[in-house]
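Residue numbers (full-length UniProt numbering): 1 to 404.
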Amino acid sequence: MNLADMLSYADIGQLSRIATTYRCECNGHSKNELIQSILQAVGRREVFEAQIGSMKLEDLRFMNSLLFDPRDAFSLEELIARVQQSKFGDVQPVPESSAHPTAQAKDAKTKRTGTKRTKAAKNQPIPETGPRETISRFKQYGWLFNGFTGPNRYLFQLPADLKIRFRETLERKFSAQLSYADDDPQAYRDEQQLLGSDVSEMLTFIYQNEVQLTSEGAMYKRGVLQIIDRLGVRELLPARGEWRFGYGRRMKEYPNRMSFIYDYCYFNGWISETGLVLSLTSEGMKRQAELRPEQPDKLYRFWLRLYKNAIPNLRSLVHWIDKLSTRWVSADSLKHALTPFIKPYYYDNAETIFEQRLSGMMLHLGLIRIGEHHELGRVIRMTPLGRAVIAGLNLEDEEAIVLD
Numbered sequence: 001m002n003l004a005d006m007l008s009y010a011d012i013g014q015l016s017r018i019a020t021t022y023r024c025e026c027n028g029h030s031k032n033e034l035i036q037s038i039l040q041a042v043g044r045r046e047v048f049e050a051q052i053g054s055m056k057l058e059d060l061r062f063m064n065s066l067l068f069d070p071r072d073a074f075s076l077e078e079l080i081a082r083v084q085q086s087k088f089g090d091v092q093p094v095p096e097s098s099a100h101p102t103a104q105a106k107d108a109k110t111k112r113t114g115t116k117r118t119k120a121a122k123n124q125p126i127p128e129t130g131p132r133e134t135i136s137r138f139k140q141y142g143w144l145f146n147g148f149t150g151p152n153r154y155l156f157q158l159p160a161d162l163k164i165r166f167r168e169t170l171e172r173k174f175s176a177q178l179s180y181a182d183d184d185p186q187a188y189r190d191e192q193q194l195l196g197s198d199v200s201e202m203l204t205f206i207y208q209n210e211v212q213l214t215s216e217g218a219m220y221k222r223g224v225l226q227i228i229d230r231l232g233v234r235e236l237l238p239a240r241g242e243w244r245f246g247y248g249r250r251m252k253e254y255p256n257r258m259s260f261i262y263d264y265c266y267f268n269g270w271i272s273e274t275g276l277v278l279s280l281t282s283e284g285m286k287r288q289a290e291l292r293p294e295q296p297d298k299l300y301r302f303w304l305r306l307y308k309n310a311i312p313n314l315r316s317l318v319h320w321i322d323k324l325s326t327r328w329v330s331a332d333s334l335k336h337a338l339t340p341f342i343k344p345y346y347y348d349n350a351e352t353i354f355e356q357r358l359s360g361m362m363l364h365l366g367l368i369r370i371g372e373h374h375e376l377g378r379v380i381r382m383t384p385l386g387r388a389v390i391a392g393l394n395l396e397d398e399e400a401i402v403l404d
């Protein structure tokens with residue numbers, strides 16, 4: 001639903017709070033006048049952008065986490081979790097029992113003295129704090145609405161038309177920070193279709209060879225190097241003692257791209273680690289016999305699922321790279337614009353996540369090209385395949401992929 005529809009379902013109390021936030025001058029007892037005044041205020045671009053410009057960074061992160069989510073409704077628990085994820089410091093969730101320490105202290109004093117609280121004190125509202133205060137503030141702006149129930153719970157909605165306006169406003173904000181190239185780079189790297197072909201190549205190698213495993217279930221170095229030699233992209237082995245976790249079950253033992261291919265085959269049930277030997281399952285034998293590349297959209301969806309624990313807002317970051325890289329853009333300026341929205345993950349800081357986990361893997365997935373420009377240095381641009389995949393187009397028919 002759009003904002004106008006949600007306002008029509010809101011009660012006059014909520015409408016009055018929203019109207020007060022936007023300083024609307026109207027008859028506060030007329031629901032129709034309240035709705036029209038709010039729509040006029042929110043509809044003014046300068047008012048809307050001023051509200052966005054005055055938001056704290058953690059509020060922008062919270063809003064950004066909702067903009068590209070395909071769902072249209074969220075539970076209170078989900079919103080609270082997203083508010084907490086938007087605080088990049090060591091913020092611990094506040095237990096419900098300790099959310100209002102002042103009130104708790106008063107209750108304790110009442111119990112000790114044995115005095116009764118007055119009726120007025122009982123009815124006095126306790127102000128919201130923490131994540132609930134953020135959600136309450138977004139409701140006062142008319143950006144979140146609640147009131148309809150799912151399975152035994154209240155759900156919150158973000159108006160569909162405001163979602164679009166938020167995206168457009170943030171896109172202008174990000175674009176103002178970017179440096180775009182006027183011409184093509186001297187050279188660029190493009191890995192479209194390579195990853196899908198290498199999935200088939202790994203299955204063929206395992207089919208043709210007896211691959212021995214260590215007691216921990218990893219391939220020996222020789223086997224890893226043999227597979228790397230057959231893949232379309234050469235990678236270096238991980239350095240000894242390097243901390244590598246959070247991006248797949250075999251990230252510790254294998255290079256980034258190869259570990260992704262291995263995990264993809266494993267989670268699809270095509271390979272089996274049994275008896276210290278890596279072999280194909282019956283389903284893997286059928287898949288290997290087809291000798292066809294894996295579809296890019298399937299690899300992309302698996303990547304989102306595999307990396308989302310380490311990068312909770314991965315989907316929104318990918319969408320921003322898609323929107324901001326329709327032409328060659330400086331990688332450094334794009335990184336500078338997006339790193340405030342990337343939460344560090346243990347030993348990976350925001351810059352490392354952008355360079356290796358985002359742009360590096362998007363290159364391997366064929367979603368972007370990376371080039372070297374004589375003025376801007378490293379530059380990035382979306383591929384036609386990348387735009388189609390992120391837009392959610394069905395790529396089962398390979399002939400439907402239009403390349404430059």
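By construction, the Cβ of each residue, glycine as well, lies at the ideal position given by its N, Cα and C atoms.
Handout entry: Nearest-angstrom Cα separation, counted from GLN226 out to CYS265
Key = 17 angstroms
Exercise for the section: Would you identify the three-state DSSP class for HIS373, choosing helix, strand or coil? Expected result: strand
Handout entry: Option nearest ALA19 by Cα separation, candidates ASP11, ILE35, SER8, ALA4
Key = ILE35
Problem - Exposure of SER330, with buried meaning 16 or more beta-carbon neighbours within 10 Å - result: buried
Practice task
Have a look at GLU49 and THR169 and give me their C-alpha separation to the nearest angstrom.
Solution key: 7 angstroms
Practice task
Measure from the alpha carbon of GLN295 to the alpha carbon of each residue in TYR154, MET362, LEU162, GLY196, then state which is nearest.
Solution key: GLY196
Problem - Host alpha helix (DSSP H) of ARG315 (start-end) - result: 314-324
Practice task
Would you mind stating whether GLU253 and VAL224 have Cβ atoms separated by less than 9 angstroms?
Solution key: yes
Practice task
Taking 8 angstroms as the threshold, find out whether the region 70-78 comes into contact with the region 321-340 through three or more Cβ pairs.
Solution key: no
Problem - Straight-line gap, VAL245 to GLY269 (C-alpha atoms, nearest Å) - result: Looking at the sequence provided, one finds Phe at residue 245 rather than Val. Taking the straight line joining both Cα atoms gives about 22 angstroms.
Exercise for the section: Please name the residue in TRP303, LYS286, GLU242, PHE174 whose C-alpha comes closest to that of ASP348. Expected result: GLU242
Handout entry: Coarse secondary structure for SER279, derived from DSSP in three states
Key = strand
Exercise for the section: With a floor of 4 residues, list each alpha helix (DSSP H) that falls wholly inside the region 330-375, ordered by position along the chain. Expected result: 331-338, 361-364
Problem - Own chain residues within Cβ distance below 8 angstroms of GLN186, not counting five before or after - result: GLY371, GLU372, HIS373, HIS374
Exercise for the section: Locate the beta strand (DSSP E) running through ARG189, then write down its first and last residues. Expected result: 187-189
Problem - Inter-residue Cα distance where the pair is residue 412 and SER65 - result: No answer is possible for residue 412: the residues shown for the chain start at 1 and end at 404.
Exercise for the section: Using three-state DSSP, classify TYR154 as helix, strand or coil. Expected result: strand
Problem - Cβ separation of GLN193 and GLY13, assumed to be a contact under 8 angstroms, to the nearest whole Å - result: Going by Cβ atoms, the distance from GLN193 to GLY13 rounds to 57 angstroms, so no, they are not a contact pair.
Practice task
Please look up how many angstroms separate the CB atoms of LEU338 and LEU317, rounded, as I've assumed it's under 8 angstroms.
Solution key: 6 angstroms
Exercise for the section: Could you check how far apart the C-beta atoms of THR134 and VAL83 are, in whole angstroms? I think they sit under 8 angstroms. Expected result: 5 angstroms
Exercise for the section: Taking only the alpha-carbon atoms, compute the straight-line gap between LEU358 and GLN288 and give it to the nearest angstrom. Expected result: 29 angstroms
Handout entry: Distance CB(MET361)-CB(ASP322) smaller than 9 angstroms
Key = no
Practice task
Measure the Cβ-Cβ separation of LEU376 and SER179 and say whether it is below 9 angstroms.
Solution key: yes
Practice task
Output the residue ranges of the alpha helix (DSSP H) runs that lie fully inside the region 185-246 and measure 4 residues or longer, sorted by chain position.
Solution key: 194-208, 221-230
Handout entry: Residue interval of the alpha helix (DSSP H) (run including residue 452)
Key = A question about residue 452 goes unanswered here, because the residues of the chain that appear run from 1 up to 404.
Handout entry: Beta-bridge partners of ASN146, as assigned by DSSP
Key = PHE156
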